[in-house]
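Chains C and L, in that order, are what the protein sequence lines are.
For the first sequence, the positions run 12 to 695 when the working numbering is used.
For the second sequence, the positions run 338 to 920 when the working numbering is used.
These notes are about the structure you will find just below.
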Amino acid sequence: MNGLRLGVDVGGTFTDLALYSERTHQLKTIKVPTTPESISMGIGTAIDQVIDSGMTPEGIDLVIHGSTIGTNTLLERKGSETWLLCTKGLRGINDVLDSVPPQNPGYFPYTLKPKPLVPGRRVVEVDARIAFDGTEVKSLDQKQIDKIVSKLHDVNPESIAICLLFSFMNVSHEEKLSAAIRARIPHAHVSLSSHVLPQVREFPRLITTIIDAYIAPRVKGYLSNLEILLRKKGIKVHPYIMHSSGGLQTLRRAKMNAVQIIESGPAAGIAFSSYMAKTLKRRNLITYDMGGTTAKAGLIVDGVPMVTSNFMAGGWPLGIRSVDLVEIGSGGGSIAWADAAKSLKVGPRSGGAYPGPACYGNGGEATVTDADLLLGYLNPNYFLGGEMGLDVGLARRAIGKVGDKLGLDPEETALGIKRVVDAKMAEAIRLVSTFRGHDPRDFSLIAFGGAGPVHGSRLAQELNLPEVIIPTFPGIGSAIGLLSSDLKREFIQSKLCLLTDLPIGELRQTFDGLRKRALGELKEEGFADMDTIITYQLDLRYSGQGYDLTVDVPSRVLARKSANIEIRKIFDDAHEATYGHRAVSEPVEVVTYRLLTRIEFAKPDLPILVRGRPHAQVMKEKRQAYFESLGFVETPIYQRELLCRNQIVDGPCVIEQSDSTTVVEPEQSAIVLPSGELIVSKGR
Amino acid sequence: MLSDTGNITVDVLENNLSGLVDEMMERLFKTGYSTIVRESRDGSCGLLDAKMRVVTSPACMPIHFGAFSHAGKVLLQHYSAEEMQDGDAFLLNHPYKGQITHATDTTIIRPVFYRGELVAFTANMEHKPDLGGLVPGTNSARATEIFHEGLLLPPVRYYERGAENREVRKIIEANSRTPELVVGDLRGQVGTCRVGSDRLIQLYDRYGRKTISECFDTLIDRMERRIRAAISLWRDGVEEATGTMDDDGIEIGQNRRVHVKVKKKHNNIEFDFRKSGPQAIGPINATSEMIRNCCYFGVISLVAPNIRFNEGVTRAVATRFSRGTIVNPIYPAPVNAYTSVTVLAADVVLTALGRLVPSKAVAASGTAGPHAISGLTTRTGRTYVLYELSLGGQGATAAFDGASGVHSAVNAGTASTPLEIIESEFPIRMTQWELRPDSGGTGKFRGGLGNIREYTFLSAGRYTSRRRMHDNPPWGLQGGGESASSELSLDGMPQHAKVSNLLVPKGSRIRELQPGGGGFGNPFERDPLMVLDDYLDQHMTVDHAREKYGVVIDETKGVVNWTETNKLRKTREVKDIRSHRKA
């Protein structure tokens, strides 16, 4: 055991590597540009840098990857030419795309819908039928199977999605078709809706299955290339990949169910926050990750990252479980403009990496970064550690243009931009917090990504959050997150029953069955010897409702005779917190049993880079910066690395480091934790 | 100099208030019991100030825009502010007194108190599967007065200081065929209003009473200015448009027209509906507030589709009606099929505005209207009501084909019921659901396609519908054609558009053909490759492509026969494209 662990996070702009040594507790980080044309090329370059720095590849015994391959394939519509097998007469499920939100939400006189991923010409109808209770209404004979498979064989499809009505109640038709296709067209990928998303409501199941089929060949190819690349570089271990709901998965499993890794990249950011929550002993965190084009907010409650079953990927409502993120199109590069009624808007258009903000000097328009520069938060001479100069004059001119339309001067306009962005972000945070029944005041904010720490302190005031955590390396959070994740799986069984009618024995038996299945599968994957932590959950609803709430059922509750009554109370409480009412006289239904398994991987013990003693030149300079309650004031500027442990600096001030800038508002102060993080909170 | 940031605070609060209403919407549907609520999302929420002015609306369902405001004002006539207490929730559904769509759209209004003072109201409106009346689903094609259209509730105090009023609940339960669903959904409405109210109070804590109440004023004023500024850029002029409605099912063959004359001068705009047809005996009337909402929708959709409706819009848009017309009927005329009028009114408004602002023209949209299917469930033996909205096709524009499988934009946000939910909960098998080939109006850009939906009854049941566009399909613009008409059949036998309690024997099939949208521009100018795409995807037949678009398709190869196409397009005149422009 050499104890080297490598986290590889490929984002839209940069590929970040974090190499951690268990022996020395040293952390090495590398940032190289992402190469969209061949994503593994960027990884290759970064690994070469690791090797050049003297690490032996054989010493690496854990590689964990976070990727945007799934989501990019979907967003750029670069997936496979996919065919669909659907139930006879019901091709409308695919054509109508009901419940896909319009691309032009609002009061438009017409609706814009996306084009289906599978056009009607690639849909084949299957004349067989399963009823709602799983009984066969019309059988699927061999003759028809042969006919369908011959037809497919002729067109030689790369990928096939099969989604038949009520297949989650009876998988036999989908599986028969799949087996026949695999036998005759072995190179074609096949996704079955009864495997991808075995639950009621045909459209979410269909679209999730289609997207799985659509991206699977690309994802499989990418992951295979990654394995080859790692082997070529001399790294022998099998890598793991982050999946959408925030746990690690073997590559083998990821290839079997590609849609599950669609939010792999963002999930790494949540994993990082979750790790920070543990090391800093914070139960509840709001995660705030602001980059160049977007900002994302997520939630960690009682140390557990929130996941959702209804999340949007590229405008498509997916039915899989994913970290619960609200993403808004407001990042540092988002463009500010004035509409016809002289109201200030920010985004969703973005200057992207090129031309970027006006201050980059590439002819860009007024952006959030320009406003942050004009307000004195960003240092024109120390952006990315001084690698890139920012032009204040260009920023003022671009913002002035917007201001002219509003009758405001450039500084007023810049302030307006900041406030609008902060308000949008506050709304996004409310979407993941209050919207889900949580009071943001019980939460700490963790701000990361390049622009996160610039806006985090103000957001905390806006939302009445007690404190903001600024990690030591806000810019490479996601790569560190990969190194601090666990192997996670979820096992589900749907079985409808009234809670009052459910004998406690049967409740326990169902969970026992799931547990046996889970342990069996984990053993097969080679995790037999590892401790498995099990969480039990139930999806419940008031009888007659159509949607359910997932609640945790602690095993101590399951063990009690009064389990049903206690579960009932857990549900009533959760329902009232979410929907504003409880219905104690109404019967409660159990819909789905969920069993989550977690195998813990050792967490990194990150090096503490904070100085022990104060540094004389910790305050670099003073410059004019704007704060709402004060206007423009001479503001102290600190260098992050020169702050020492337990040092407190009072707001208003700005703390600079090469990968980010932290703004501390008046009446706030920042304290340096012994472990190096900054905590910004209401002043002394 | 920077202290004057009042405007920005309003921008900030505008985002907060939109978020508040969106949160109410999402929870309303997720906590719902009936399929019409939880699957079709037929409801909306709103925030009103203490004067009952709408401050923020959801980004969908324009047809509910102004309704809360009138309902609220009626509430204040019945209960003074002094009588209201924290935790109260008021319930009403009276179409005339409250200017509410129809009685099945129950409305909850809940006062919000801040430090003991009444500062605002949260409200929502949501369709109920059944509130009594002539037929299961309440809304009958045979209704001739509103007393046939379900239990009428003037404003009543449904919750008092957070506790349900059992007397009111028992009356409602006794008047519904599906009491559990209705009461469960009402509970969700009240809970959702509470969620919105709690959130608003947090904003008051943060910004203070004065700032928020000023913000309400500013948002409304700013909206009026925004609308007027945009209108002032349009050319001055007078434009008219007419749409024709199918008969009401009682006076067979008696079509009625919805007519609008739009007068635009400087920054004023007026919609005059006085030349619309006389009110119907049957339920195809709509109260004038619903028609006003169509006008607000038309204007806002052209100038500011991305912002939220509020009371300011109503100040910038004037309307005129004559009493006793289908757009302003006299009490107690029935109104349960009000969407027959509003869908058409929205389209005549858009057509007239499109003449004023040609770059924004949209052809007419098609939806056939909702139906109610009922019977006894196989599992519990209880009465079920499946109340469903139907999807159709939208009109085309100068740049896009109309969307297929959607509701009219004036009802945006609603969805159909998932097939697996229908089959799991009701004794029905869905034997067909497909887009309907050739149903979109022809054009350079074609109308959206309607769809075909077929219900096979696994046990005997009843079917009620107030369908439309059987005789008068949506029109095209600028040479674009009209869509295919709606059709309805029982085991292949054509039915009248308006049917009440039609008995459907076990094993029989109800088949609905929904209309599409109108086309835009000359179909002979449509890109032949787009015609080919439609053919390959089974959205158009070869004959339709040849006859209506002059595109000849080689069926065996699946390609355009360019020689024949060019010949056909040159030699044939465009004769059969009916332009809607009459006035």
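Note that beta-carbon positions come from the ideal geometry of N, C-alpha and C, so glycine has one too.
>> If I follow the unbroken alpha helix (DSSP H) through Arg193/C, where does it start and stop?
In response: Taking the first sequence and counting its residues from 1, one reaches residue 193/C at position 182. For Arg193/C, the uninterrupted alpha helix (DSSP H) run begins and ends at Ser183 to Arg195, by DSSP.
>> Between Glu213/C and chain L, is any beta-carbon pair separated by less than 8 Å?
In response: Sequence index remark: in the first sequence, residue 213/C carries index 202 (1-based). Chain L contact via Cβ: present.
> What three-state label does DSSP hand Cys397/L in the structure shown?
Replying inline: Your numbering for residue 397/L matches position 60 in the second sequence. In the structure shown, Cys397/L sits in coil (DSSP, three-state: anything other than H, G, I, E or B).
> Who are Asp550/C's beta bridge partners in DSSP?
Replying inline: For the purposes of this step, residue 550/C is identified with residue 539 of the first sequence, where counting begins at 1. DSSP, once it has assigned bridges, lists Thr561/C and Thr603/C as partnering Asp550/C.
> chain L beta carbons: is any one of them nearer than 8 Å to that of Tyr118/C?
Replying inline: Residue 118/C sits at position 107 when you count from the first residue of the first sequence. At least one CB of chain L lies nearer than 8 Å to the CB of Tyr118/C.
>> Ignoring anything shorter than 3 residues, give me the beta strand (DSSP E) runs that lie fully in the region 741-793 of chain L, in order along the chain.
In response: Here the runs fully enclosed are 741-743 and 765-772.
> Based on the DSSP output, what are the partners of Val391/L in its beta bridges?
Replying inline: Taking the first residue of the second sequence as position 1, residue 391/L is located at position 54. BP columns for Val391/L point to Leu385/L.
>> Please list, in chain order, the residues of the region 516-534 of chain L that have any C-beta partner in chain C closer than 7 Å.
In response: In summary, the residues of the region 516-534 of chain L whose CB is separated from some CB of chain C by less than 7 Å are Glu517, Leu518, Gly521, Arg524, Gly525, Val527, Gly528, Thr529, Arg531 and Val532, in the order they occur in the chain.
> Does DSSP put Met267/C in a helix, in a strand, or in coil?
Replying inline: Taking the first sequence and counting its residues from 1, one reaches residue 267/C at position 256. In the three-state reduction of the DSSP assignment, Met267/C falls in the helix class.
> Using 8 Å as the Cβ pair cut-off and three pairs as the minimum, do the region 624-633 of chain L and the region 663-678 of chain L touch?
Replying inline: Yes, since at least three Cβ pairs between the region 624-633 of chain L and the region 663-678 of chain L fall closer than 8 Å, the two stretches touch.
> With a CB to CB cut of under 6 Å and the five nearest residues on each side skipped, what residues in its chain are close to Asp341/L?
Replying inline: Looking up residue 341/L in the second sequence gives position 4. The predicted position of Asp341/L is uncertain, since its pLDDT is 31 and thus under 50; a value taken from the coordinates is nonetheless stated next. Residues of the same chain with their beta carbon placed closer than 6 Å to that of Asp341/L are lacking, with the five preceding and five following residues left out of the count.
> Buried or exposed: which applies to Asp27/C, given that a residue is buried once 16 or more other Cβ atoms fall within 10 Å of its Cβ?
Replying inline: Taking the first sequence and counting its residues from 1, the one referred to as residue 27/C is at position 16. Looking at its Cβ environment, which holds 16 or more other Cβ atoms inside 10 Å, Asp27/C is buried.
> How about Pro228/C: is its C-beta nearer than 8 Å to some C-beta of chain L?
Replying inline: Working through the first sequence from its first residue, we reach residue 228/C at position 217. Taking Cβ atoms only, chain L never reaches closer than 8 Å to Pro228/C, which makes this a no.
> At least one CB of chain L closer than 8 Å to the CB of Ser354/C: is that the case?
Replying inline: On the first sequence, position 343 is the one that residue 354/C refers to. So, interface residue.
> In terms of alpha-carbon separation, which member of Gly424/L, Ala701/L, Arg524/L and Tyr433/L lies closest to Phe450/L?
Replying inline: What you label residue 450/L is simply residue 113 of the second sequence in a count that begins at 1. Residue Gly424/L holds the alpha-carbon nearest to the alpha-carbon of Phe450/L among Gly424/L, Ala701/L, Arg524/L and Tyr433/L.
>> Looking only at its chain, what residues have a beta carbon closer than 8 Å to the beta carbon of Lys919/L, apart from the 5 residues adjacent to it on each side?
In response: As a position in the second sequence, residue 919/L is number 582, starting the count at 1. Note that Lys919/L scores 40 on pLDDT, short of 50, meaning its location in the model is unreliable; the coordinates nonetheless yield the value given after this. The beta carbon of Lys919/L sits closer than 8 Å to those of Thr579, all from its chain and outside the five residues before and after it, given in chain order.
>> Less than 8 Å between CB atoms is the rule here; does Arg593/L satisfy it with respect to chain C?
In response: Position 256 of the second sequence, counting from 1, holds the residue named residue 593/L. Not an interface residue.
> In angstroms, rounded to a whole number, what distance separates the CA positions of Thr56/C and Glu87/C?
Replying inline: Your numbering for residue 56/C matches position 45 in the first sequence. Your numbering for residue 87/C matches position 76 in the first sequence. Computed Cα separation, rounded: 25 Å.
>> Spatial neighbours of Gln616/L within its chain, please: C-beta separation below 7 Å, excluding the five flanking residues on both sides.
In response: Your numbering for residue 616/L matches position 279 in the second sequence. Once the five neighbours on either side are set aside, the close Cβ partners of Gln616/L are Asn622, Gly661, Thr662, Ile663, Pro666, Ile667 and Ala670.
> To the nearest angstrom, how far is it from the Cα of Lys507/L to the Cα of Val520/L?
Replying inline: Counting from 1 along the second sequence, the entry for residue 507/L is found at position 170. Counting from 1 along the second sequence, the entry for residue 520/L is found at position 183. Each residue's alpha carbon lies about 9 Å from the other.
> Which value, in whole angstroms, describes the spacing of the CA atoms of Gly302/C and Leu518/C?
Replying inline: Reading the first sequence from its first residue, position 291 is the one you call residue 302/C. Reading the first sequence from its first residue, position 507 is the one you call residue 518/C. Spanning the two alpha carbons is a distance of roughly 46 Å.
> Quick one: which chain C residues come within Cβ less than 8 Å of Gly739/L?
Replying inline: Translated into the one-based positions of the second sequence, residue 739/L becomes position 402. Against chain C, the beta carbon of Gly739/L has neighbours under 8 Å at Tyr121, listed in chain order.
> From what residue to what residue does the beta strand (DSSP E) around Gly326/C run?
Replying inline: Here the question's residue 326/C lines up with position 315 in the first sequence. Neither: Gly326/C is in no beta strand (DSSP E) and is coded neither H nor E.
> the region 174-193 of chain C: which residues have C-beta closer than 8 Å to a C-beta of chain L, in chain order?
Replying inline: Of all residues in the region 174-193 of chain C, the ones placed with a Cβ closer than 8 Å to any Cβ belonging to chain L are Leu176 and Phe177, in chain order.
>> Please state whether the Cβ-Cβ distance between Arg140/C and Thr93/C is less than 8 Å.
In response: Walking along the first sequence from the start, residue 140/C turns up at place 129. Walking along the first sequence from the start, residue 93/C turns up at place 82. No, the pair does not count as a contact, with Cβ atoms beyond the cut-off.
>> Check for me: the alpha helix (DSSP H) holding Gly531/C runs from which residue to which?
In response: Residue 531/C sits at position 520 when you count from the first residue of the first sequence. Residues Ile515 to Glu535.
> My guess is that Ile446/L and Ala460/L are in contact by the Cβ rule of under 8 Å, so how many angstroms apart are they, rounded?
Replying inline: For the purposes of this step, residue 446/L is identified with residue 109 of the second sequence, where counting begins at 1. For the purposes of this step, residue 460/L is identified with residue 123 of the second sequence, where counting begins at 1. Rounded, the Cβ-Cβ distance is 4 Å, consistent with contact.
> chain C beta carbons: is any one of them nearer than 8 Å to that of Lys367/L?
Replying inline: Within the second sequence, residue 367/L is the residue found at index 30, counting from 1. Answer yes: the Cβ-Cβ gap between Lys367/L and chain C drops below 8 Å somewhere.
> Does Pro477/C come within less than 8 Å of chain L when only Cβ atoms are used?
Replying inline: Within the first sequence, residue 477/C is the residue found at index 466, counting from 1. Output row for Pro477/C: interface = no.
> If you draw a straight line from the C-alpha of Ile281/C to the C-alpha of Pro647/C, how long is it?
Replying inline: By 1-based counting over the first sequence, the position of residue 281/C is 270. By 1-based counting over the first sequence, the position of residue 647/C is 636. Each residue's alpha carbon lies about 32 Å from the other.
>> Check whether the region 221-237 of chain C and the region 195-207 of chain C are in contact - that is, three or more C-beta pairs closer than 8 Å.
In response: With three or more CB-CB distances shorter than 8 Å, the region 221-237 of chain C counts as touching the region 195-207 of chain C.
> Given that a residue counts as buried once 16 or more other Cβ atoms are within 10 Å of its Cβ, and exposed if not, what is Cys174/C?
Replying inline: As a first step, residue 174/C is located in the first sequence; it is residue number 163 there, counting from the start. It is buried - the Cβ of Cys174/C has at least 16 other Cβ atoms within 10 Å.
>> Among the candidates Ala306/C, Gly461/C, Gly418/C and Arg193/C, whose CA atom is the shortest distance from the CA of Ala172/C?
In response: The residue you call residue 172/C lines up with position 161 of the first sequence. Of the candidates Ala306/C, Gly461/C, Gly418/C and Arg193/C, the one whose C-alpha sits nearest the C-alpha of Ala172/C is Arg193/C.
> Which ranges would you report for the alpha helix (DSSP H) in the region 647-728 of chain L if only whole runs of at least 4 residues count?
Replying inline: Secondary structure remark: continuous alpha helix (DSSP H) runs of at least 4 residues inside the region 647-728 of chain L, in chain order: 648-653 and 675-693.
>> I'd like to know if the region 286-305 of chain C and the region 233-250 of chain C are in contact, where contact means that at least 3 CB-CB pairs between them fall below 8 Å.
In response: Output reads no: the region 233-250 of chain C does not touch the region 286-305 of chain C.
>> Taking a contact to mean a Cβ-Cβ separation below 8 Å, would you say Pro831/L touches Ser822/L in this structure?
In response: Counting from one through the second sequence, the residue named residue 831/L turns up at place 494. Counting from one through the second sequence, the residue named residue 822/L turns up at place 485. No Cβ-Cβ contact shorter than 8 Å links Pro831/L with Ser822/L.
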